[in-house]
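Everything below concerns the one structure shown next.
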Amino acid sequence: MPEGHSVHRLARAFSRCFAGKVVDASSPQGRFGAGAALLDGRVLLAAEAHGKQMFLGFSGDLWLRVHLGLYGMWRFQGSGLEGIGRRRHPLAEEAEFPPLPRGLVRLRLVAGRHLADLSGPTACEVLSTMEKHAFTRRMGEDPLRPDADPARAYVRLHASRSAIGLLLMRQDIIAGIGNIYRAEMLFRARLEPHRPGRELALDAWRAMWADLVGLMEHGVRTGRIVTTEPQDRSRRSGPAQGEDASYVAHRAGRPCRICGNAVLAEAMAGRTLYWCAHCQVL
DNA sequence: AGGATATGAAAAG
DNA sequence: TTTTCCTATCCTC
């Protein structure tokens with residue numbers, strides 16, 4: 063679930079439903095008890111996303127940094143939070159509030175009748191404003207942030223002999239790309255994933271960046287990653303459903319939508335890289 | 001029921 | 001490069 067677009071949606075949801083309110087923080091699981099105690103009773107002042115990191119700002123110059131990783135999730139309850147966070151089984155609207163935590167809940171935030179339960183995050187820690195700045199300074203360009211500078215990312219890409227398929231996943235260069243956007247943007251650019259970053263031309267990168275911004279902004283609006291053009295889908299009208307949403311991601315062995323050859327899957331630095339060896343030759 | 005897999009990344013080796 | 005974190009889903013049996 064969580065590539066950059068999801069995290070921006072989460073930050074937006076926190077801004078909408080928690081900002082300006084006093085928040086009760088607790089750690090039902092216990093593992094984040096000290097951190098929750100630091101935040102308990104403070105006012106949530108800001109919610110920001112930077113790549114896959116989310117920062118919640120609290121009164122007293124404290125920031126909560128959350129990274130969901132592969133397994134982490136937020137479960138919400140309350141008006142305005144429908145469809146945000148985990149999709150399939152949100153917390154039911156029950157008679158009693160707050161509801162019993164489901165599973166191991168690292169952090170519970172409650173403001174009025176709004177509730178957010180965090181479970182399974184890779185990172186969950188309280189930072190000072192200084193520490194938060196130090197952290198974001200080391201992060202790469204986020205296509206969803208207005209202050210992003212693609213030229214700065216290009217300097218890093220163009221200086222590296224590493225495969226472009228590896229570099230695109232490096233959060234200290236570009237923040238927010240995950241395995242799906244990586245595979246899909248390379249396919250849309252017809253770029254061979256193993257090509258060294260230093261061989262990437264500036265105008266090619268500018269086009270890829272613009273394409274990526276469009277894809278991720280669509281992801282923020284809809285909550286889904288859809289990278290296919292309507293004419294390339296098996297069902298040409300209506301919203302892209304399921305497998306129709308991607309060209310190569312999660313389509314190993316299936317025919318490429320453009321050339322019909324089997325989509326390949328290979329391991330690249332511990333992640334599955336999906337690509338079409340016939341179409342991606344640039 | 002049980003196993004493989006997953007949109008991630010830090011730590012260990 | 002491998003292990004670990006730790007939760008859920010999607011298969012197969």
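In this note's numbering, each residue carries its 1-based index in the first sequence increased by 62.
Glycine included, every Cβ here is placed at the ideal spot set by N, Cα and C.
Can you tell me whether DSSP reads residue i as helix, strand or coil?
i: Cys318; result: coil
i: Ala175; result: This sequence places Arg at residue 175; Ala is not what is there. Here Arg175 sits in coil by DSSP.
i: Met192; result: helix
i: Gln293; result: helix
i: Cys79; result: helix
i: Met270; result: helix
i: Leu100; result: helix
i: Leu277; result: helix
i: Asp86; result: strand
i: Phe249; result: helix
i: His220; result: helix
i: His340; result: coil
i: Arg298; result: coil
i: Ile236; result: strand
i: His312; result: coil
i: Phe117; result: strand
i: Arg333; result: strand
i: Phe398; result: As displayed, the chain neither begins before 63 nor continues past 344, which places residue 398 out of reach and without an answer.
i: Val69; result: helix
i: Phe94; result: coil
i: Ala185; result: strand
i: Val433; result: Outside the modelled stretch of the chain, which goes from 63 to 344, sits residue 433, for which no answer is possible.
Go ahead and label residue i buried or exposed: buried means 16 or more other beta carbons lie within 10 angstroms of its beta carbon, across all protein chains shown.
i: Val217; result: exposed
i: Thr289; result: buried
i: Cys321; result: exposed
i: Ser141; result: exposed
i: Ala215; result: buried
i: Met368; result: This structure cannot settle anything about residue 368, because the visible part of the chain is limited to 63 through 344.
i: Glu291; result: exposed
i: Tyr133; result: exposed
Could you tell me how far apart the beta carbons of residue i and residue j are, in whole angstroms, since I believe they sit closer than 8 Å?
i: Leu206; j: Gly66; result: 6 Å
i: Asp273; j: Arg257; result: About 17 Å separates the two Cβ atoms, so there is no contact after all.
i: Ile146; j: Leu230; result: With 8 Å as the limit, Ile146 and Leu230 do not qualify as a contact, their Cβ atoms being about 27 Å apart.
i: Pro208; j: Trp271; result: Contact flag wrong, Cβ pair sits at about 14 Å.
i: Gly276; j: Leu248; result: Going by Cβ atoms, the distance from Gly276 to Leu248 rounds to 15 Å, so no, they are not a contact pair.
Between the C-alpha atoms of residue i and residue j, what's the straight-line distance to the nearest angstrom?
i: Leu264; j: Asp179; result: 43 Å
i: Cys20; j: Gly304; result: Because residue 20 is not part of the residues shown, which for the chain are 63 to 344, the question remains open.
i: Gly281; j: Met330; result: 25 Å
i: Ser296; j: Pro90; result: 46 Å
i: Ala98; j: Val105; result: 13 Å
i: Glu261; j: Val128; result: 35 Å
i: Ala108; j: Ala81; result: 6 Å
i: Ala324; j: Thr284; result: 29 Å
i: Arg333; j: Asn241; result: 8 Å
i: Gly131; j: Ser181; result: 11 Å
i: Gly92; j: Glu279; result: 36 Å
i: Asp306; j: Gly103; result: 46 Å
i: Gly174; j: Pro301; result: 36 Å
Would you check if the distance between the CB atom of residue i and the CB atom of residue j is smaller than 7 Å?
i: Trp125; j: Lys194; result: yes
i: Arg210; j: His112; result: According to the sequence shown, residue 210 is Ala rather than Arg. Not in contact: Ala210 and His112 (Cβ atoms no closer than 7 Å).
i: Val69; j: Lys114; result: yes
i: Cys392; j: Phe76; result: Residue 392 lies beyond the stretch modelled for the chain, which goes from 63 to 344, so this question has no answer here.
i: His176; j: Cys318; result: no
i: Asp86; j: Val172; result: yes
i: Ala245; j: Tyr336; result: yes
i: Asp234; j: Gly202; result: yes
i: Leu344; j: Leu253; result: yes
i: Ala311; j: Leu326; result: no
i: Thr191; j: Asp123; result: yes
i: Ser88; j: Arg170; result: yes
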